[in-house]
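J.: Pasting in a structure now, in structure tokens, and then I'll have a few things to ask.
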Amino acid sequence: MILFDLFILIFIMWIMIMIVSYFLIFIIGPLHIDIFHNSYDRLITSIVKALSAIGLVVVLILLLGILKTKYLQKILLRK
Amino acid sequence: MSAVSFLVIFFITPAFIKYLNKKGKVVVDYHKPGKPNVPRPAGPVLLIGIVISEIILYFLIQDIIIISVVLSTIIAFIVGYIDDRKAMPGWFKPVALIFAAVPIIVLGSHGNSLGLIFDSAFIPILYIPLILAIMPIVGNTINSIDVFNGVASGFIIITMMPLLVSVILFGNITVFLMALPLLFGTIAIYQYHKYPSRIFLGDSGTLLLGSMYAGLSIAGNSEIIGVIALLPAVMNSFLFLASVKKIVEHRQVKTRPVSISEDFKLVASKERSAPATLVRLILARGSLSEQEIITKILILATFSSVLAFISIVIQYFFMKGIISL
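As they're listed, the protein sequences go chains S and X.
Numbering-wise (our numbering), the first sequence opens with residue 1013 and increments by one.
Numbering-wise (our numbering), the second sequence opens with residue 3 and increments by one.
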């Protein structure tokens, strides 16, 4: 039974990785910022993309932290 | 090459076990009745077998990728061996393992794109710090899962399967050939490391396995697949770090996550201050023997490897344009 719980936890982690990959490829990847209409736009776009990707990974880690806390409350501290 | 790695490790290890026993390089296996002494570390034997195979492969193929991954593996081994000889502070392994990433970056064995299941992201600059992070994370992840007989070696054997398939589909044949000595070398050492262990891997062995796994994932464009396959070990490290909120060695933790009952079964700690680990979660519904826990961890590795295989299929379909969003 406990293994089933852990399967679910690992499955949720996998789904979260897939969602982050989807966002990085389909949302952040095609992003293009056009402000100065020169080469600076490419630099700004790259910086925004990099910061968004890092932000997304931070969100993933925070969500994993919340998931961990909920799971521990359910399994360990209940006993 | 796989045969060389397997045979060297398989036939040298018994002599090395005798040598370690003779030199008194043993540690107590607390999880068994009578608390037997078990020789440690197996890292040097693993290194000899794998490096000989990779050198032979280099003379046949002459690809610089082989040298870079071998150098990374040697650096990781040295870091682990220092920790085997002298207990170092918690920050030592993660920081020192950053150097294991240097040969891969300097010799240019990495690509410029990160495979992200649905496509690749071209990140030539961001990729460098990513490699510097991957090596210590994977090395320490395998190190932290090595809590029972045969777990780290069994874990690597299982999770190598999706990595090999991914490397041949999304990487190249050289990296695939390089990965075989790691797989067969680990199968050989597993014969001595499995329950009841006749030798422990030690930090030199686990860091060598983890760092080589990471190096192959990077050189074979299979980083995310590697991470998915290692999810139970990643979860273990994450749970531990999130509980103790700092990088420390397991031996430095005051409240143990599990304890041993009189009948040598393991019991989860009920202390709130005890760190959360994968083993503590497995034991949450009741005590288990060491062998039962080992089986459960390897089942979890098989489950995450299945998820990695599903990810490979999805990535392959997207790459070939069979599926598009």
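Quick reminder that beta carbons are idealized off the backbone N, C-alpha and C, glycines included.
#1: Please classify Ile1066/S as buried or exposed, where buried requires at least 16 neighbouring CB atoms within 10 angstroms.
#2: For Lys1080/S, return the contacting residues in chain X, with the cut-off set at a CB-CB distance below 8 Å.
#3: Going along the chain, which residues of its own chain have a beta-carbon closer than 8 Å to the beta-carbon of Ala136/X, five neighbours each way excluded?
#4: Please say whether Asp86/X and Gly187/X have beta carbons closer to each other than 8 Å?
#5: Does any C-beta atom of chain X lie closer than 8 Å to the C-beta of Met1030/S?
#6: Check distances from the C-beta atoms of the region 117-134 of chain X to those of chain S and list, in chain order, the residues that come in under 7 Å.
#7: Taking only beta-carbon atoms, is Met237/X less than 8 Å away from chain S?
#8: What are the boundary residues of the alpha helix (DSSP H) that Leu241/X is part of?
#9: Pick helix, strand or coil for Pro38/X, following the three-state DSSP scheme.
#10: Does any CB atom of chain X fall closer than 8 Å to the CB of Ser1051/S?
#11: In chain S, what lies closer than 7 Å to Ser263/X by C-beta?
#12: Within the 8 Å Cβ cut-off, does Leu1015/S reach chain X?
#13: To the nearest angstrom, report how far apart Asn151/X and Leu243/X are at their CA atoms.
#14: Quick one: which chain S residues come within Cβ less than 9 Å of Lys95/X?
#15: Restricting to runs no shorter than 4 residues, where is the alpha helix (DSSP H) found entirely within the region 1020-1044 of chain S?
#16: Indicate whether at least one CB of chain X lies closer than 8 Å to the CB of Gly1067/S.
#17: Does Asn223/X pass the burial test, meaning 16 or more other C-beta atoms within 10 Å, or should it be called exposed?
#18: Can you name the residues that DSSP bridges to Leu290/X?
#19: Contact criterion: CB-CB distance below 8 Å. Does Ala216/X meet it with respect to chain S?
#20: Establish whether the CB of Ser306/X and some CB of chain S are separated by less than 8 Å.
#21: Would DSSP call Ser2/X helix, strand or coil?
#22: Please determine if the region 121-137 of chain X and the region 150-165 of chain X are in contact, where contact requires at least 3 C-beta pairs separated by less than 8 Å.
T.: With the structure as the only source:
#1: Counting Cβ neighbours within 10 Å, Ile1066/S comes out exposed, since fewer than 16 surround it.
#2: Those are Phe240, Leu241, Ala244, Ala278, listed as they occur along chain X.
#3: It is Ile, not Ala, that sits at residue 136/X in the sequence shown. Answer for Ile136/X: Ala103, Ala216, Ser219, Ile220, Glu225, listed in chain order.
#4: In this structure, the beta-carbon distance from Gly187/X to Asp86/X does not fall below 8 Å.
#5: Chain X, which has a Cβ nearer than 8 Å to the Cβ of Met1030/S, makes this yes.
#6: Those residues of the region 117-134 of chain X that come within reach of chain S (Cβ to Cβ, closer than 7 Å) are Leu118, Ile119, Phe120, Asp121, Ala123, Leu128.
#7: True, the Cβ-Cβ gap to chain S drops below 8 Å.
#8: Counting along the chain, the unbroken alpha helix (DSSP H) around Leu241/X starts and ends at 233-246.
#9: The three-state reading of DSSP puts Pro38/X in coil, since its state is none of H, G, I, E or B.
#10: No, Ser1051/S does not count as interfacial toward chain X.
#11: Result: empty, since nearest Cβ-Cβ is about 16 Å, beyond 7 Å.
#12: Using a Cβ-Cβ cut-off of 8 Å, Leu1015/S counts as an interface residue toward chain X, since at least one Cβ of chain X sits closer than that to its own.
#13: About 23 Å.
#14: Neighbours of Lys95/X on chain S: none; closest Cβ ~21 Å, over 9 Å.
#15: Complete alpha helix (DSSP H) runs here, min 4: none at all.
#16: No Cβ of chain X is located within less than 8 Å of the beta carbon of Gly1067/S.
#17: Buried, since its Cβ has 16 or more Cβ neighbours within 10 Å.
#18: Bridge partners of Leu290/X: Leu268/X.
#19: Closer than 8 Å: no.
#20: It does; some Cβ of chain S falls within 8 Å.
#21: Limits of chain X in this structure are 3 at one end and 327 at the other, which puts residue 2/X out of reach.
#22: No: fewer than three Cβ pairs fall under 8 Å.
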